[in-house]
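Residue numbering for the sequence shown is 324 to 464, as defined by our numbering. Glycine included, every Cβ here is placed at the ideal spot set by N, Cα and C. Accompanying notes for the structure given below.
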Amino acid sequence: IMSERTLAIIKPDAVGQHLVGAIIQCYEKAELIPIGMKLMRLTKAQAEGFYYVHKHRPFYDSLCSFMSSGPIVVLALAGVNAIQRHRDLMGATDPAKAAEGTIRKAYGTDIEHNAVHGSDSPESAQFELGYFFSALEWPQR
Ligand code: CMP
């Protein structure tokens, strides 16, 4: 896929540890270019809407409480095969299982406090980019 867009979130644990700059540097070094970015704090309801696919999972309530517990940074990243390459760069969901050199290995704490989120498919990227970025503010780069 020539150029693709994906959504990244730097989660409250990473923002709270002042890792925003380090994580954005990982994206840029990997040629995942930020084309949209904002710092925000979600309400719990907004977190629930974002993670609605996990609604029936046992970790849903805790996940949504955590994701609304402090500021996050949301980014639209663009690049060749961006969705898969971003997932590879993040590493496994559980930082304890993530490979050396991945963002979650370097900066994650546990499966909930795992530093970053990334879209897992073209369908979820479309939903997730639209959840945070509107057509009017969509960056031209
Ligand atoms: P994320 O990529 O943001 O997508 C859903 C999140 O749920 C995931 O990262 C984890 O942080 C969180 N989560 C918490 N517990 C679990 C679990 N047991 N399995 C999968 N994801 C979990």
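Excluding sequence positions up to five away, which residues of its chain have a Cβ less than 6 angstroms from the Cβ of H492? Only positions 324 to 464 of the chain appear in this structure, which leaves residue 492 out of reach.
Within the present structure, is the beta-carbon of T416 separated from the nearest heavy atom of the ligand FAD by less than 7 angstroms? Because the ligand FAD does not appear in the structure shown, any question about it cannot be addressed here, the ligands present being the ligand CMP.
Return helix, strand or coil for I347, following the three-state DSSP convention. Note: I347 maps to helix in three-state DSSP.
Pull up the DSSP beta-bridge partners for E446, would you. In the DSSP output, where bridge partners are listed per residue, E446 has none listed.
Assuming L400 contacts A458 (C-beta within less than 8 angstroms), just tell me the rounded distance between them. With a Cβ gap of about 18 angstroms, L400 and A458 do not count as contacting.
Say the cut is 7 angstroms; is the CB of L386 nearer than that to a heavy atom of the ligand CMP? Yes, since a heavy atom of the ligand CMP falls inside the 7 angstroms radius drawn around the Cβ of L386.
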